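Report on one structure; see the data block that follows.
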Amino acid sequence: MSAAVPWADELETRLGRRVTSMQLLPGGASKEAWAVDADGERVLVRRALAGVIHEATLSLENEFQVLEAAAEAGVKVPRPVAYLGELGGREAFAMELVEGETIGRRIVRNPPPGLETQLADELAKIHAIPPDRLPFLRSGDVLERFEHELDSVGEPHPALEYGLWWLREHRPEPLADVVSHGDFRLGNIVVSGRGLEYVLDWEFAHLSDPREDVAWPIVRAWRFGNDDRRLGGIGEVGLYLERYEELTGRTIHEGDLDWWEVLGNVKWGTGCLTQSRRHLNGQDRSVEYAVLGRMAAEMEYELLDLIDRA
Amino acid sequence: MPDRPTALELIEAVIEFLSTEVLPAATDHRAKFRTLVALNALGIAYRELAASNTVLLSDDEAAALARRIRAGDVREGDRELLKEHVAAKLRISNPAYLERYE
């Protein structure tokens, strides 16, 4: 076995299988991802990195439970294999290793036909997961959450404050909370020529108004440069909402998403700032995190422009 | 005044090195992506140091405005001012982004 990985023996014991190779995959921002050969099966081991606990992020144990609940509900997810406890002092779990395209910029160039309705199919299944199946999921006032996050940044952002003010002034009647994915968009789905294959990255799952998830992939940043296609840079919102209504009985008009789109920009703008602080405070030094601090202005401009047109 | 190259000229030199030597040699997607991010970061620093680019609101002014809006006291003209303020930041961080609104 890879003698270079000090927790390889622990992994074999927890999996109950012989591990013949393990390779650290590039790209894990808040977690490590290892491609592991276990008795001939390829599994992906997700393992926490030290000290990157974002206040809204699930523990790996809870993330694994969400993945299991999603699999039971028929959501297309990599098959959950096992929660592994701590490996070398950090939490980890194993799931099926899947292949396919996740890079948003590439998907929007040539989206597979039917992706709009396939997104709605998965979202409808996620929103049908019984909340009592996952009692640890948190709800709470979404605007208070982002005010609090913005305060933690310690730098004035009057444009984001303006967005939060406008959202408070125009708050829609709430819909009952559902189990939300929390980061449902291009970049977190696996696509092949056949269409949507898997929904990934469940660490931000929580309870919320269903429209928070529904509107998230329409935020301009998640159109990956294909601005004219409001739904994730790949298609029209109409088909997506029709399909979602057909499956859930929830009627959401395209105009109902405007408020949530402004919220999405506040959310990602604030997210950029908090992530850049991970670099600035030394928690997680990385040029990628660093530049996010300067990217927040894009979401600020977009939300002001959306409000101009509202 | 320190000797030449100036800060801007040094940044330019590193931009040239990364784009002509490091980027073409990057083998995997990850290395290529991170090099592009680094080039982007240097581009931001370059535009910020170039004298023509300045922000509209000082830190104190931005902080006062943020506090006033948080308190719910929003006034006529705030949004227009904020758009100018954010546009000035974008002329440093990502001038091409603003063109998407033209």
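Residue numbers (our numbering), protein chains in the order written: chain A, 1 to 310; chain B, 1 to 102.
C-beta: ideal position from N, C-alpha, C; glycine also.
Since the model is a prediction, treat every value here as computed from it, not as a measurement.
Within the segment 137-158 of chain A, contact with chain B at the beta-carbon level (separation under 7 Å) is assigned to Pro156, His157, Pro158. Distance between B/Arg4 and A/Leu44, taken at the CA atoms: about 51 Å.
With fewer than three CB-CB distances shorter than 8 Å, the segment 282-300 of chain A does not count as touching the segment 248-259 of chain A. Runs of the alpha helix (DSSP H) lying entirely within the segment 70-144 of chain A and spanning at least 4 residues, in chain order: 104-109, 115-127. Counting only runs that start and end inside the segment 189-269 of chain A, the beta strand (DSSP E) elements of at least 3 residues fall at 189-192, 195-199, 206-208.
Rounded to the nearest angstrom, the Cβ distance from A/Leu49 to A/Lys31 is 6 Å, consistent with a contact under 8 Å.
Between B/Ala63 and chain A, the shortest Cβ-Cβ separation is below 8 Å.
Measuring C-alpha to C-alpha distances from A/Trp260 to each of A/Gly233, A/Leu306, A/Phe224 identifies A/Leu306 as the nearest.
Put simply, the CB of B/Arg79 is near chain A, with a gap under 8 Å to one of its CB atoms. Counting only residues of its own chain and dropping the five nearest sequence neighbours on each side, A/Leu167 has a CB closer than 8 Å to the CB of Leu143, Trp259, Val262, Leu263, Val266. Beta-bridge annotation (DSSP): A/Arg42 is paired with A/Asp37. In the structure shown, the three-state DSSP call for B/Thr35 is helix. Residues Ile234 of the same chain have their beta carbon placed closer than 6 Å to that of A/Pro111, with the five preceding and five following residues left out of the count.
Spatial neighbours of B/Lys89 in its own chain (CB-CB distance under 8 Å, excluding positions within 5 residues in sequence) are listed in chain order as Val55. The CB of A/Ile307 comes closer than 8 Å to the CB of Arg79 in chain B, given here in chain order. Contact note: B/Arg70 reaches chain A through Glu161, using a C-beta cutoff of 7 Å and chain order. 8 Å or more divides the Cβ of B/Ile15 from the Cβ of B/Ile92. In this structure, the straight-line span from the alpha carbon of B/Glu48 to that of A/Leu115 is close to 41 Å. Residue burial is scored here from C-beta neighbours: A/Thr102 has at least 16 other C-beta atoms within 10 angstroms and is therefore classed as buried.
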